[in-house]
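Numbering (this note's numbering), first residue to last: 11 to 270.
First up is the structure itself, then whatever we jot down about it.
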């Protein structure tokens with residue numbers, strides 16, 4: 011069985027499945043995907059991801075505010091986040107983190123929000139899902155500062171082995187998306203080869219970043235199979251071995267998830 015450890019089910023382009031999320035999830039199940047983690051990105055979509063987790067037994071969710079979804083000048087309230095995290099199918103916090111690629115001028119606001127999410131993780135014990143782009147030093151600095159007792163994950167990892175090792179040394183997992191299949195992703199492929207087998211996850215980040223041979227099309231959870239097969243080939247492992255190991259890793263990182 012395979013897990014799509016990071017997908018945005020409320021944002022999927024469902025045209026390939028006649029507009030049906032049921033059909034999209036079933037297509038993934040038929041390719042061996044047994045569980046989905048649907049990711050929160052804002053206060054506005056928290057209700058949607060929780061509703062999906064209530065509708066489908068193989069969908070759990072996270073709640074948080076993406077660094078690019080922050081309201082100008084405002085950080086989310088810790089009380090709101092803790093209240094949302096009390097839902098039984100909210101198994102993680104985020105996605106949160108830092109993204110200076112698009113909004114370098116919002117660095118201070120993003121850092122304040124990231125710290126708040128890390129504090130929520132400390133108080134609840136739920137793992138944090140970290141987005142980082144063009145903010146390597148600050149991301150690692152805030153993770154070190156938080157010094158959380160439980161692990162989290164750097165999702166859709168796009169950095170080099172040096173950053174991956176630093177995150178691994180802090181206890182974090184590394185999740186790989188379809189980007190690892192892209193032509194110019196040599197540094198990321200080296201990461202894929204070197205991440206310890208017990209700290210590796212796979213994801214789609216759908217509807218974004220479809221893997222080759224689907225690049226340029228809307229991404230779907232069923233394509234996590236392509237990501238897993240590609241990563242397995244890089245590591246000299248079988249697909250079955252990688253699916254089994256990444257599912258075990260997911261269950262360890264997200265112990266509240268309803269994974270069979």
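Cβ coordinates follow ideal geometry from the N, Cα and C atoms, glycine included.
How many angstroms separate the CA atom of residue i from the CA atom of residue j?
i	j	result
residue 266	residue 101	6 angstroms
residue 199	residue 253	18 angstroms
residue 77	residue 42	32 angstroms
residue 155	residue 129	11 angstroms
residue 143	residue 63	28 angstroms
residue 95	residue 72	8 angstroms
residue 29	residue 186	27 angstroms
residue 219	residue 133	33 angstroms
residue 270	residue 67	10 angstroms
residue 172	residue 146	10 angstroms
residue 228	residue 113	25 angstroms
residue 92	residue 246	42 angstroms
Let me know if residue i comes out buried or exposed under the rule of 16 or more other beta-carbons within 10 Å of its beta-carbon.
i	result
residue 197	exposed
residue 194	exposed
residue 232	buried
residue 209	buried
residue 217	buried
residue 240	buried
residue 123	buried
residue 242	buried
residue 248	exposed
residue 99	buried
Taking residue i and residue j to be in contact with their CB atoms under 8 angstroms, please state how far apart those CB atoms are, rounded to whole angstroms.
i	j	result
residue 164	residue 140	5 angstroms
residue 106	residue 59	At roughly 14 angstroms, the Cβ-Cβ gap does not stay under 8 angstroms, so residue 106 and residue 59 are not in contact.
residue 47	residue 85	With 8 angstroms as the limit, residue 47 and residue 85 do not qualify as a contact, their Cβ atoms being about 24 angstroms apart.
residue 213	residue 14	6 angstroms
residue 150	residue 125	So it is not a contact: roughly 14 angstroms between Cβ atoms.
residue 244	residue 203	5 angstroms
Helix, strand or coil: how does DSSP classify residue i here?
i	result
residue 168	coil
residue 101	strand
residue 20	helix
residue 66	coil
residue 276	Coverage of the chain is limited to positions 11 through 270, which leaves residue 276 absent and any answer about it impossible.
residue 108	strand
residue 188	helix
residue 142	strand
residue 44	strand
residue 180	coil
residue 148	helix
residue 14	strand
residue 123	helix
residue 216	coil
Does the distance from the C-beta atom of residue i to that of residue j stay below 7 angstroms?
i	j	result
residue 257	residue 11	yes
residue 174	residue 189	no
residue 70	residue 52	no
residue 221	residue 205	no
residue 108	residue 148	yes
residue 37	residue 24	no
residue 138	residue 181	no
residue 263	residue 161	yes
residue 16	residue 215	yes
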